[in-house]
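Asks: Taken in sequence, the protein lines are chains X and A. So that you can map any letter, position 218 of the first sequence is 218 in our numbering, and since no number is skipped, the others follow by simple counting. Throughout, our numbering is defined as the position within the second sequence, counted from one, plus 247. Beta carbons: idealized from backbone N, C-alpha and C, even for Gly. Note that this is a predicted model, so its numbers are computed, not measured.
Number of protein chains: 2
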Amino acid sequence: MTSAVQTRCALCPVQSTSLCGALNEETSCALSRIAHRIRVPAGRVIYGGAVQQPRSFGIIVSGVIKLVITKPDGRQQIVGLQFPSDFVGRPLVGNSNLSAEAATKLDLCCFSGRAFEALMREHPQLEHALLRRMVEDLDAAREWAFLLGRTTAQEKVASLLYVIAKQMGKTNRNLATKSDQGFHLPLTRMEMAECLSLRLETVCRQFKQLKDQGVIAASGRRNFDVLDVDELKRRAEYPKGASECMQ
Amino acid sequence: MTSAVQTRCALCPVQSTSLCGALNEETSCALSRIAHRIRVPAGRVIYGGAVQQPRSFGIIVSGVIKLVITKPDGRQQIVGLQFPSDFVGRPLVGNSNLSAEAATKLDLCCFSGRAFEALMREHPQLEHALLRRMVEDLDAAREWAFLLGRTTAQEKVASLLYVIAKQMGKTNRNLATKSDQGFHLPLTRMEMAECLSLRLETVCRQFKQLKDQGVIAASGRRNFDVLDVDELKRRAEYPKGASECMQ
DNA sequence: CGACATTTTGAGAAGGGTCAACGAAAGTGG
DNA sequence: CCACTTTCGTTGACCCTTCTCAAAATGTCG
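1) By the three-class DSSP mapping on this structure, what secondary structure does L339 of chain A have?
2) Measuring CA to CA, which of A:I312, A:S279, A:H283 is closest to Y294 of chain A?
3) Compute the Euclidean distance between the alpha carbons of D107 of chain X and V40 of chain X, then round it to the nearest angstrom.
4) Between G296 of chain A and the rest of its own chain, which residues show a CB-CB distance below 7 Å, the 5 nearest in sequence each way excluded?
5) Expressed to the nearest angstrom, what Euclidean distance is found between the alpha-carbon atoms of W391 of chain A and C442 of chain A?
6) For I34 of chain X, which residues from the same chain have a beta carbon less than 8 Å from its beta carbon, with the 5 sequence-adjacent residues on both sides left out?
7) Is there contact here, the region 317-330 of chain A with the region 271-280 of chain A, by at least three beta-carbon pairs under 8 Å?
8) Can you list, in chain order, the residues of its chain whose CB lies under 6 Å from that of P260 of chain A, leaving out five sequence neighbours each side?
9) Which residues mark the beginning and the end of the beta strand (DSSP E) in which A35 of chain X is found?
10) Given that a residue counts as buried once 16 or more other Cβ atoms are within 10 Å of its Cβ, and exposed if not, what is M203 of chain A?
11) Terminal residues of the continuous beta strand (DSSP E) containing L108 of chain X?
12) Can you give the Cα-Cα distance for T351 of chain A and T435 of chain A, rounded to whole angstroms?
13) Along chain A, which residues have their Cβ under 7 Å away from the Cβ of E136 of chain X?
14) So which residues on chain X does P433 of chain A lean against when the C-beta distance must stay under 7 Å?
15) Touch check for the region 122-129 of chain X and the region 55-75 of chain X: three-plus C-beta pairs under 8 Å?
16) Return the residues of the region 314-339 of chain A that lie within a Cβ-Cβ distance of less than 8 Å from chain X, sorted by chain order.
17) Can you find a C-beta in chain X that's less than 9 Å from the C-beta of R280 of chain A?
18) Could you name each continuous beta strand (DSSP E) segment of 3 residues or more that falls completely within the region 349-409 of chain A, going from the start of the chain to the end?
19) Listed from N- to C-terminal order along the chain, which residues in the region 111-123 of chain X have their beta-carbon within a distance smaller than 9 Å of any beta-carbon of chain A?
20) For chain A, check one thing: does any of its Cβ atoms lie closer than 9 Å to the Cβ of D139 of chain X?
21) For S343 of chain A versus D139 of chain X, is the C-beta distance shorter than 9 Å?
22) State buried or exposed for P301 of chain A, treating a residue as buried only when at least 16 other CB atoms are found within 10 Å of its CB.
23) Can you pull the chain X neighbours of L377 of chain A, defined as C-beta to C-beta under 8 Å?
24) Applying the criterion that 16 or more other CB atoms from any shown protein chain within 10 Å of the CB defines a buried residue, is G252 of chain X buried or exposed?
25) Does DSSP put D73 of chain X in a helix, a strand or coil?
26) Can you grab the Cα-Cα spacing for the pair Q324 of chain A / R8 of chain X, in whole Å?
27) List the DSSP bridge partners of K313 of chain A.
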């Protein structure tokens with residue numbers, strides 16, 4: 001009975017932290033039976049956009065997805081990033097102007113929409129786990145709104161780098177034990193700007209400032225290293241020298 | 248069997264559009280048995296904040312709730328509004344720095360957390376309906392992020408008024424058949440500013456501009472009327488004269 | 001009616017946007 | 001492997017929207 005899980009999922013790096021990890025043997029076994037791994041090149045649209053692919057769902061095994069809202073007049077805003085172990089897809093509801101795009105090349109653990117939805121009906125536990133994820137995503141989306149609304153450019157860039165470092169650190173090695181090899185930025189400057197509702201020139205300037213002040217180091221275009229985690233976190237959370245506001 | 252629904256919920260103005268409306272007789276009946284109506288004065292914190300009340304859930308029957316994120320340094324951002332028929336509460340997950348406050352006095356249809364969660368386990372359909380709501384809320388939260396990130400002050404104020412007019416129109420009369428009595432603003436200028444990530448002076452100026460240009464009319468501090476729905480909608484969606492950007 | 005919070009209006013400052021030019025990688029084809 | 005093209009990133013100068021601070025006006029509620 002557990003053979004499917006053992007053979008196909010035992011090696012999966014995100015098994016324990018993803019949706020599957022919250023399921024009992026039987027349900028996760030059933031899920032593993034309808035799962036198949038796919039690789040997706042960077043830039044590919046996963047869902048949304050013009051094309052109405054047949055609905056399907058997935059879990060990120062490796063790579064980063066950006067969630068972007070596009071309006072008819074062309075304005076875009078990235079309203080979230082998804083990292084390994086995150087659930088991908090919008091179950092139960094129709095299309096919106098949200099789309100998901102591969103920011104990097106991806107490994108996805110995929111489920112056909114039909115099979116997955118059938119499985120949800122059979123296994124309320126799956127739906128339960130999904131509900132929990134969606135509520136967590138909801139919190140994350142609102143934090144993102146806060147970031148867009150109430151922070152300075154400096155804080156925005158610091159926050160984004162902090163989030164990325166934390167997430168990439170999770171999959172590579174522990175951020176606390178300062179990785180000395182640095183992180184690969186999954187986003188271009190332009191994409192960072194679209195995340196933070198800034199212009200890419202502004203992202204550049206803030207990035208440079210963090211570099212000049214010794215908080216981060218950068219090598220090449222898309223690599224950075226966190227020299228002072230605490231300082232980065234501080235800048236992510238409190239604009240300027242607002243330390244006196246704390247109690 | 249249906250008596251509980253008939254006696255207690257038949258008169259409920261939001262029955263059909265709320266969570267209950269998505270349930271079958273049996274489940275909605277069971278839900279109605281654990282429901283109780285409460286009135287909440289404006290300003291009351293529904294959940295979150297310092298106090299850790301026992302968890303409970305609810306459905307808004309009348310009134311408006313604001314969802315606000317508060318950071319340790321005192322910065323606040325309203326990240327969503329909830330209107331009649333919306334589900335209130337964060338099932339399954341622990342506390343975050345999100346809190347819900349009554350923007351106006353409320354009528355809530357309340358469920359104790361324990362009873363509601365027990366009911367969810369017994370009736371997967373309830374969990375299913377809730378999942379759908381949460382995914383919709385997730386979309387709404389991301390649209391809110393877009394609003395904060397990619398719009399001008401003018402567009403922000405217009406969007407907020409448009410949303411409010413649509414929602415209040417729903418409960419009063421149809422917005423399409425221009426209400427001539429106007430809408431009651433559930434928010435102060437300050438709260439509008441907190442919604443839109445603007446200063447209240449900026450909200451004022453944009454409000455005045457919409458008034459001067461004949462899009463809306465205002466009488467008293469907290470009443471407004473939509474004179475030109477289409478123009479308001481246009482301003483909510485496209486900043487300045489960006490009409491040529493459309494195709 | 002009067003005290004008070006809320007709203008409105010004004011003038012000046014500033015953070016980030018805009019435009020433009022330059023530099024540095026990364027891909028491409030010979 | 002090198003010249004070429006193209007994309008991406010960096011830097012500078014200037015400008016505009018929105019913020020900030022201040023004061024006056026208007027509703028609102030006891």
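Replies: On the basis of the coordinates in this document:
1) Indexing the second sequence from 1 puts residue 339 of chain A at position 92. Looking at L339 of chain A - three-state DSSP - the assignment turns out to be coil, as it is neither helix nor strand.
2) Reading the second sequence from its first residue, position 47 is the one you call residue 294 of chain A. Among A:I312, A:S279, A:H283, the Cα nearest to that of Y294 of chain A is on A:I312.
3) Working through the first sequence from its first residue, we reach residue 107 of chain X at position 107. Working through the first sequence from its first residue, we reach residue 40 of chain X at position 40. Roughly 6 Å between the two C-alpha positions.
4) What you label residue 296 of chain A is simply residue 49 of the second sequence in a count that begins at 1. Result list for G296 of chain A: S346, in chain order.
5) The sequence position of residue 391 of chain A within the second sequence is 144, counting from 1. The sequence position of residue 442 of chain A within the second sequence is 195, counting from 1. Spanning the two alpha carbons is a distance of roughly 9 Å.
6) Your numbering for residue 34 of chain X matches position 34 in the first sequence. Cβ neighbours of I34 of chain X beyond the five flanking positions: F111, S112, A115, F116, L119.
7) no
8) By 1-based counting over the second sequence, the position of residue 260 of chain A is 13. Excluding residues within five positions, none has a Cβ falling inside 6 Å.
9) Within the first sequence, numbered from 1, the residue matching residue 35 of chain X stands at position 35. Here the beta strand (DSSP E) through A35 of chain X covers 35-40.
10) It is not possible to answer for residue 203 of chain A, since the shown part of chain A is limited to 248 through 494.
11) What you label residue 108 of chain X is simply residue 108 of the first sequence in a count that begins at 1. Its beta strand (DSSP E) spans residues 106-112.
12) The residue you call residue 351 of chain A lines up with position 104 of the second sequence. The residue you call residue 435 of chain A lines up with position 188 of the second sequence. When rounded, the distance between both Cα atoms is 10 Å.
13) The residue given as residue 136 of chain X occupies position 136 in the first sequence. Within 7 Å Cβ-Cβ: V340.
14) Position 186 of the second sequence, counting from 1, holds the residue named residue 433 of chain A. The contacting residues do not exist; P433 of chain A stays about 19 Å from chain X at best.
15) no
16) L314, I316, K318, P319, D320, G321, R322, Q323, Q324, V326, G327, R337, P338, L339
17) As a position in the second sequence, residue 280 of chain A is number 33, starting the count at 1. No, R280 of chain A does not count as interfacial toward chain X.
18) 353-359
19) M120, R121
20) Within the first sequence, the letter at position 139 stands for residue 139 of chain X. It does: the Cβ of D139 of chain X has a partner Cβ on chain A nearer than 9 Å.
21) For the purposes of this step, residue 343 of chain A is taken as residue 96 along the second sequence, with counting starting at 1. For the purposes of this step, residue 139 of chain X is taken as residue 139 along the first sequence, with counting starting at 1. Taking 9 Å as the Cβ cut-off, S343 of chain A and D139 of chain X qualify as a contacting pair.
22) Working through the second sequence from its first residue, we reach residue 301 of chain A at position 54. With fewer than 16 Cβ atoms within 10 Å of its Cβ, P301 of chain A is classed as exposed.
23) Translated into the one-based positions of the second sequence, residue 377 of chain A becomes position 130. The contacting residues are L131.
24) Nothing can be reported for residue 252 of chain X, as the shown portion of chain X is limited to 1 through 247.
25) Counting from one through the first sequence, the residue named residue 73 of chain X turns up at place 73. Coil.
26) For the purposes of this step, residue 324 of chain A is identified with residue 77 of the second sequence, where counting begins at 1. For the purposes of this step, residue 8 of chain X is identified with residue 8 of the first sequence, where counting begins at 1. The alpha-carbon atoms of Q324 of chain A and R8 of chain X are separated by roughly 44 Å.
27) The residue you call residue 313 of chain A lines up with position 66 of the second sequence. DSSP lists A:L328, A:E348 as partners of K313 of chain A.
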